[in-house]
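Novice: Sending over a structure as structure tokens; questions will come in a sec.
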Amino acid sequence: MTSASIQRIRANKKVSVIDDVDLENTSNNLKTHRLLNRSEKILDSVGISDGSRRGIIDEGSSYKRRGLKVVTFDTDGDDSGLKKWTPIENQVSSVKARHEEVTAIRARKEDSLASIRSDSSAAIRARQSKEKINDIEEEMAAIAEKQAAREARVARLRALVAETEQDSEAFEVSQAAAERKSARREKYQS
Numbered sequence: 691m692t693s694a695s696i697q698r699i700r701a702n703k704k705v706s707v708i709d710d711v712d713l714e715n716t717s718n719n720l721k722t723h724r725l726l727n728r729s730e731k732i733l734d735s736v737g738i739s740d741g742s743r744r745g746i747i748d749e750g751s752s753y754k755r756r757g758l759k760v761v762t763f764d765t766d767g768d769d770s771g772l773k774k775w776t777p778i779e780n781q782v783s784s785v786k787a788r789h790e791e792v793t794a795i796r797a798r799k800e801d802s803l804a805s806i807r808s809d810s811s812a813a814i815r816a817r818q819s820k821e822k823i824n825d826i827e828e829e830m831a832a833i834a835e836k837q838a839a840r841e842a843r844v845a846r847l848r849a850l851v852a853e854t855e856q857d858s859e860a861f862e863v864s865q866a867a868a869e870r871k872s873a874r875r876e877k878y879q880s
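Per this note's numbering, the sequence shown starts with residue 691, numbered consecutively.
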């Protein structure tokens with residue numbers, strides 16, 4: 691609503707007209723409020739938080755507060771007791787200093803968390819490496835057991851072959867002896 695439309699409404703209702711200055715201030719306040727609402731919506735859509743907004747506002751305008759030193763008046767009427775205004779500790783700078791401290795603390799905390807994360811990721815990699823080594827050692831042990839079983843079977847097979855050879859030699863010897871005996875018997879019987 692503009693000031694002209696507000697004046698028309700008041701004129702139609704026969705309401706007493708407020709001074710033009712107050713009306714202008716009200717309309718300016720409404721415009722300022724709308725502008726602030728729009729800027730807040732824009733900042734929200736961009737993702738700037740309230741703390742960042744305050745920092746932006748603080749940087750945009752600088753306020754200095756001044757205080758008056760306590761003056762004691764002497765009875766001699768000397769004006770030297772009157773002092774100039776002196777600045778009180780600037781609250782904006784103290785807020786900025788506190789903000790910097792908090793930011794530094796957060797940065798240290800994030801650094802420590804990052805180192806913990808990197809330590810934990812290093813620990814995870816070490817654990818995975820140990821597991822891989824253990825798996826490989828288990829596979830090697832299984833292969834060694836299979837190899838030992840093969841060697842034992844080969845040794846038993848060789849022993850069986852040697853025993854069979856001995857038995858076959860003994861059989862051949864006994865067969866040869868039996869053939870000789872039978873040949874001798876045939877000789878005697880004939």
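We put the CB at the ideal spot given by N, CA and C, even for glycine. Quick caveat: nothing in here was measured; it's all calculated off a predicted structure.
Which ranges would you report for the alpha helix (DSSP H) in the segment 786–811 if only whole runs of at least 4 residues count?
Specialist: Correct list: empty.
Novice: Is Ile738 helix, strand or coil when you go by DSSP?
Specialist: In the structure shown, Ile738 sits in coil (DSSP, three-state: anything other than H, G, I, E or B).
Novice: Just how far apart, CA to CA, sit Ile826 and Gly737?
Specialist: Each residue's Cα considered, the two are about 51 Å apart.
Novice: Does the segment 725–735 come within contact of the segment 691–704, defined as at least 3 CB pairs closer than 8 Å?
Specialist: In short, these stretches do not touch, since the Cβ pair count stays below three.
Novice: Could you give the DSSP three-state label for Thr692: helix, strand or coil?
Specialist: Note: Thr692 maps to coil in three-state DSSP.
Novice: In angstroms, rounded to a whole number, what distance separates the CA positions of Val863 and Gln856?
Specialist: Whole-angstrom Cα-Cα distance: 10 Å.
Novice: Straight-line CA distance for Val785 to Lys799?
Specialist: In a straight line, the C-alpha of Val785 is about 21 Å away from that of Lys799.
Novice: I need the straight-line Cα distance from Ala842 to Ala852, nearest angstrom please.
Specialist: Roughly 15 Å between the two C-alpha positions.
Novice: Quick check: the Cα distance between Ser735 and Ala812, rounded to an integer number of angstroms?
Specialist: Those two C-alpha atoms are separated by around 38 Å.
Novice: How big is the Cα-Cα spacing for Ser802 and Glu730?
Specialist: One C-alpha to the other measures close to 34 Å.
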